[in-house]
Amino acid sequence: MANTYDIIIRPIITERAMAGAADKKYVFEVAKNAGKIEIKDAVEKIFGVKVVSVNTLIVRGKEKRMGAGRPGMTKTWKKAYVQLSDDSKTIEFFEGMV
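Residue numbers for the sequence shown follow UniProt numbering, so the first one is 1 and each next one is one higher.
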């Protein structure tokens, strides 16, 4: 990947993701072609934390009707679950939401 900021697209803010944030487990949408090592390096560089593990999965697009009954699909995207080390600081973006 060319740029660190192209790997991490956005954090996922859901009730389940916020429950994991208390245990230093965070969820991000990442680039489809990013590997676990690239994701780990990007999170460490952007947020200044120590990552212990990264788990990834592909979220398949769903069939939806796109106006006037025409069939369409939502996008397929990649999700990454990132576990920080116990001695690492928390990610500041999630602090006010937990």
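Think of the CB as a built atom: it goes at the ideal place given N, C-alpha and C, for glycine as much as any other residue. Everything numeric in this text was worked out from a predicted model, so none of it was measured.
When the alpha-carbon of Val-27 is set against those of Gly-35, Lys-36 and Ala-17, the nearest one is in Ala-17.
In the structure shown, Lys-24 falls within a coil segment according to DSSP collapsed to helix, strand and coil. Short of 7 Å from the beta carbon of Phe-47, and not among the five residues preceding or following it, lie these beta carbons of its own chain, in chain order: Ile-91. For Ile-9, the uninterrupted beta strand (DSSP E) run begins and ends at 8 to 11, by DSSP. Membership of Val-54 in the beta strand (DSSP E) is indicated by the continuous run 51 to 59. In this model, Lys-78 and Pro-71 are separated by some 23 Å (Cα to Cα).
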